[in-house]
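Chains as they are written, first to last, in the working numbering: chain A, 1236 to 1373; chain B, 116 to 672.
What follows is a set of notes on a single structure, which appears directly below.
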Amino acid sequence: MEENRDKGPEIVGFACSYCTFKASEMAGSLRMKYPEGIRVIQVPCSSRVDPAFVIKAILEGADGVFVAGCHPGDCHFIKGNFFTRRKIAALKEMFKAFSMDGRLKLFWVSAAEARRFVDKVTTMYKELKEERDAGKKN
Amino acid sequence: MRAGIFICHCGHNIKHTVDVRRVSEYFRKIPGVIVSTDYAFVCSEPGQDIIVESIKRYNLDRVVIASCTPSLHGDLFKDLLKKSGVNPFLLRRVSIREHCSWVGDDVELNTEKAKRLILAGLYSASHYIPLEEKMVEVEKSALVIGGGVSGLSAALFLARMGIKVYLVEKEAELGGHVRFLGNIWPSGRKGRDIVGEMIEELKGLTNVEIFTEAEVTGFEGFFGNYGVTIRQSDRERKVIAGGVVVASGFVPFDPAIKPELNYGKDQRIVTTFDLERGIEPPDLPDRPRVAILHCVGSRDEAIGKSYCSRVCCVNALKVAETIKGRYPDSYVESFYMDVRAHPRGGEEYFEAVQERGVLFTRGNVGEIVPSESGVILRGEDTLFGEVYEREFDLVILSIGMASSPGNRTLAQLLKITLDKDGFFLEAHIKLRPYDTAVKGIFIAGSCSGPKDTEESINHGRASALKLFGMLNLGYAFVDPFISWVDPKRCSGCRQCEEACIAKAIKFDEAKRVVKVEEAACMGCGLCNATCPSSAITLKGYMDSFIGDEISGLLEVV
Chain A
1236 MEENRDKGPE IVGFACSYCT FKASEMAGSL RMKYPEGIRV IQVPCSSRVD PAFVIKAILE
1296 GADGVFVAGC HPGDCHFIKG NFFTRRKIAA LKEMFKAFSM DGRLKLFWVS AAEARRFVDK
1356 VTTMYKELKE ERDAGKKN
Chain B
116 MRAGIFICHC GHNIKHTVDV RRVSEYFRKI PGVIVSTDYA FVCSEPGQDI IVESIKRYNL
176 DRVVIASCTP SLHGDLFKDL LKKSGVNPFL LRRVSIREHC SWVGDDVELN TEKAKRLILA
236 GLYSASHYIP LEEKMVEVEK SALVIGGGVS GLSAALFLAR MGIKVYLVEK EAELGGHVRF
296 LGNIWPSGRK GRDIVGEMIE ELKGLTNVEI FTEAEVTGFE GFFGNYGVTI RQSDRERKVI
356 AGGVVVASGF VPFDPAIKPE LNYGKDQRIV TTFDLERGIE PPDLPDRPRV AILHCVGSRD
416 EAIGKSYCSR VCCVNALKVA ETIKGRYPDS YVESFYMDVR AHPRGGEEYF EAVQERGVLF
476 TRGNVGEIVP SESGVILRGE DTLFGEVYER EFDLVILSIG MASSPGNRTL AQLLKITLDK
536 DGFFLEAHIK LRPYDTAVKG IFIAGSCSGP KDTEESINHG RASALKLFGM LNLGYAFVDP
596 FISWVDPKRC SGCRQCEEAC IAKAIKFDEA KRVVKVEEAA CMGCGLCNAT CPSSAITLKG
656 YMDSFIGDEI SGLLEVV
């Protein structure tokens, strides 16, 4: 595991089929670049993401987890993403107790926003990398 | 588990940044993997044959195809499994092109990422259970939103093929913007005649219902049985439509957004659309000086419209020719960035207009200042690198197309997506240019980006044809990704019932457990994530599938 860690943070993302996963497909088609450590799991709706999945990913060694869905009001399942927002907010509170809230992100990316998807995940990657590098120095 | 892994090179697309050979060798060592191979194009006939033969020879019960994104070729591989006698829901597609080879350049890291992605897919697939696709009946009717030229051509095509059509138009008259056009290049026909013929034929057909001054206010259901609410003045009407063609059109760009053009403050500054609509410019002298501005509201980052509107160059050429025809001694100068006379014959037309004496100056106009003697134009000639200032009697702005502000509401209602410019987004820019991400909803005409009349008619017909193909079958398969309750585990806490958006979960008072109404379930999985006793499961996205996918993604390879 140590050997792998030097290659940069590993991020597991949950992306809803209708918006963010489409955006990630589009980012690929447009040959946009983002770090290899970022890997996406397709879920039907962001509300399918059980907080247990996030915890599982962290336990299995992920440095960060993001949950991404359609913009509020655009959810294919009408208001699934509102439930996601509440759930992730609660989980984030829990993460805060361990000073880990930077490792969990929630964001909205529509199917057309490939650029936004890449920006969001790259920013998250950079933040985690900086945080870890700072930790190493200390 | 007897799994087969098929890794696609996609020509050079995957191979150039992923060491596919190493990946396929790696998987041969994984327990449960019977066959692991790579091939240049898995979607080609020989590639398909490899899969079919492997299934037969090794008696495979899981197929993992690592290639392009799952939304491409989805049905192709499903059918392949069906033909080979394997349940199509035991197929796993792993995207190593859009999510791996195209987004990273490092071969080592990409190869490792591909291994993990496929491993995740394999782990996930190991839990897959066979599912049966549900067959639903499809209502042979269609809703066409928008009565412009593309909406009319779509409606006409569908109606001729015997599909019941509901045409909804927000204005009092059908025909959209085309009905104002006086001379459609290159045929020279009047727009009113073109749409007039269509409207006449449409009104003569018995299976068409036209709603003018109407709008769609409610939309629910799924492909084959969309429930649509149409409001016409104060009356509401509910209809069932099998599919939808969205042809809501565009709005002409409003040059008043650019104050430096002084549009609307002086009669001598007009747009091409004003002229088409028959607004007469002020009286001109016998030898008028006329300026024509290209790219007004197009390719302009400053106002957030970076796209080319595609029609305005030909419009500008047409108006220049018209003026030269009416006033042979006139001085006509066009200010352009590039002349993109893209339709067939456009370049020749551009040459012909130049030969008639129309001058072309490269460099957009920075400022229009009306004065007593004439309208003064200032800007920079980018070919000579010098500043110009000239006076004209008439300035014509060749305006572009902007997305309709109503698109936002419509997109939210139909759950389809807009692009950054507010036009409707197609499912795939090259392979599915007429589809939206939602099954049975198609887009037509300039609501999905600027198009000329000919393209709009074609787009409308193409969308109608694709929809007709789906409706005419009379049935459709729906993914059986719906929730299922394990009554033994259910504690009857009813949290899922409260959460369910579709109200598909009902509480059984006698047994004290919940159950899912299959027809109503949308398959979002919210209940699955809500249930504290893990009693409710979304088929196709079970906890074990996603849980092990996470493990696969993070495993050391």
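Here a beta-carbon is modelled for each residue, glycine too, at the ideal position from N, C-alpha and C.
Using a Cβ cut-off of 8 Å (strictly closer), state whether residue i contacts chain B.
i       : result
A:D1285 : yes
A:G1304 : no
A:S1259 : yes
A:G1299 : no
A:V1242 : It should be pointed out that residue 1242 of chain A corresponds to Lys in this sequence rather than to Val. So yes, A:K1242 belongs to the interface.
A:M1359 : no
A:E1245 : yes
A:F1352 : no
A:R1383 : Residue 1383 of chain A lies beyond the range of chain A shown here (1236 to 1373); nothing can be said about it.
A:N1239 : With a pLDDT of 47 at A:N1239, under the threshold of 50, the modelled position of that residue is not reliable, and the figure given next carries that caveat. Yes, contact with chain B.
A:P1307 : no
A:V1344 : no
Between residue i and the rest of its own chain, which residues show a CB-CB distance below 8 Å, the 5 nearest in sequence each way excluded?
i       : result
B:S302  : none
B:D508  : R383, L399, P400, P403, R404, V405, G489, V490
A:E1348 : A1258
B:A274  : V280, L317, L320, N322, V323
A:N1239 : Summary for A:N1239: the model assigns pLDDT 47, below 50, so the residue's position carries little reliability, and this model does not support an answer.
In the DSSP output, what is residue i paired with across the bridge?
i       : result
B:M637  : According to DSSP, which records beta bridges pairwise, B:M637 is partnered with nothing at all.
B:E482  : B:R493
B:P367  : B:M516
A:A1250 : A:Q1277, A:A1303
B:D741  : Residue 741 of chain B lies beyond the residue range present for chain B, which begins at 116 and ends at 672; the question has no answer from this structure.
B:Q347  : B:A329, B:R350
B:G162  : Answer is none; B:G162 lacks a bridge partner.
Can you round the beta-carbon distance between residue i and residue j to whole angstroms, since I take them to be within the 8 Å contact cut?
i       : j       : result
B:L205  : B:L191  : That belief does not hold up - the Cβ atoms of B:L205 and B:L191 are roughly 16 Å apart, past 8 Å.
B:V280  : B:I572  : 16 Å between Cβ atoms; not a contact.
B:M637  : A:F1312 : 5 Å
B:F538  : B:Y549  : Going by Cβ atoms, the distance from B:F538 to B:Y549 rounds to 14 Å, so no, they are not a contact pair.
B:S363  : B:G521  : 6 Å
B:C642  : B:I620  : 6 Å
B:L529  : B:V553  : 7 Å
B:C562  : B:F365  : 7 Å
A:C1254 : A:D1309 : 7 Å
B:V201  : B:V222  : 33 Å between Cβ atoms; not a contact.
Is it buried or exposed for residue i, if we count other Cβ within 10 angstroms and need 16 for buried?
i       : result
B:K318  : exposed
A:A1325 : exposed
B:D496  : exposed
A:M1335 : exposed
B:F499  : exposed
B:Y656  : buried
B:I483  : buried
B:I544  : exposed
B:E462  : exposed
B:P443  : exposed
B:P146  : exposed
B:Q163  : buried
B:P203  : buried
Measuring only between beta-carbons, confirm whether residue i sits less than 8 Å from chain A.
i      : result
B:Y656 : yes
B:I661 : yes
B:W599 : no
B:C608 : no
B:N643 : yes
B:G638 : yes
B:H127 : no
B:V219 : What sits at residue 219 of chain B in the sequence shown is Gly, not Val. Yes, contact with chain A.
B:S666 : yes
B:H188 : no
B:R207 : no
Name the chain E residues that come within less than 8 Å of residue i, Cβ to Cβ?
i      : result
B:T184 : Within the model displayed, chain E is absent; protein chains A and B are what it includes.
So, for residue i: in the same chain, excluding its five sequence neighbours on each side, which residues have a beta-carbon less than 6 Å away from its beta-carbon?
i       : result
B:V150  : G119, S169, Y173
B:G589  : V253
B:Q610  : T645
B:H188  : C158
B:L474  : E448
A:M1236 : Caution is warranted here: a pLDDT of 42 is assigned to A:M1236, below 50, making its placement in the model unreliable, and the coordinate value is therefore given only provisionally. Cβ within range, chain order: n/a, list empty.
B:R392  : F295
Return the chain-ordered list of same chain residues with a C-beta closer than 7 Å to the C-beta of residue i, the five sequence neighbours on each side being excluded.
i      : result
B:K654 : L246, P595, F596, I597, W599
B:S518 : F365, D536, G537, F538
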